[in-house]
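First the structure, in the form of structure tokens, and then the observations on it.
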Amino acid sequence: MLRIIACLRGLGRIASPSALTLGARVQQLVHFGQLLALGRAYPARLHTCGALHAGAALANLVGVAESALLTSGRAGLRARHRNRR
Numbered sequence: 000m001l002r003i004i005a006c007l008r009g010l011g012r013i014a015s016p017s018a019l020t021l022g023a024r025v026q027q028l029v030h031f032g033q034l035l036a037l038g039r040a041y042p043a044r045l046h047t048c049g050a051l052h053a054g055a056a057l058a059n060l061v062g063v064a065e066s067a068l069l070t071s072g073r074a075g076l077r078a079r080h081r082n083r084r
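Taking numbering that gives the first Met the number 0, the leading residue of the sequence shown gets 0, the next gets one more, and so forth.
Okay, here's the thing in structure tokens:
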């Protein structure tokens, strides 16, 4: 996987410097979503601040949070746990 990423980065530099870069706002949002899905609250908070500083709107953070929780399977954990009681 790391070789693929390194290869893509190399191609991006050759083809166009910004072809494969996401920009600060999107990169912070991606990190926020990944950390949220992993349950890493403190680092996710740091990337929330970074995303806001880079120009993200609150709606962006909410959308990323919903997507991260749904795709990680965490959104249904509480509902399943509640039904067991």
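Note that the Cβ used here is the ideal one computed from N, Cα and C, for glycine as well.
Unbroken alpha helix (DSSP H) run spanning residue i, endpoints
{"i": "Leu34", "result": "23-36"}
CB of residue i within 8 Å of CB of residue j, strictly
{"i": "Leu37", "j": "Thr47", "result": "no"}
{"i": "Leu34", "j": "Leu68", "result": "no"}
{"i": "Gln27", "j": "Ala50", "result": "yes"}
{"i": "Gly32", "j": "Ser66", "result": "yes"}
{"i": "Ala53", "j": "Arg73", "result": "no"}
Cutoff 8 Å: residue i Cβ touching any chain C Cβ
{"i": "Leu69", "result": "Note that chain C does not occur in the displayed structure, where there is just one protein chain."}
Local conformation of residue i per DSSP, three classes
{"i": "Arg44", "result": "helix"}
{"i": "Thr20", "result": "coil"}
{"i": "Ala53", "result": "coil"}
{"i": "Arg39", "result": "coil"}
{"i": "Ser66", "result": "helix"}
{"i": "Arg2", "result": "helix"}
Other residues of its chain near residue i: CB distance less than 7 Å, five sequence neighbours each side excluded
{"i": "His30", "result": "His46"}
Proximal residues to residue i (C-beta, below 6 Å), its chain only, five neighbours per side dropped
{"i": "Ala43", "result": "Phe31, Leu34, Leu35"}
Close Cβ partners of residue i (< 8 Å) along its chain, the five nearest in sequence each way excluded
{"i": "Thr70", "result": "Ala36"}
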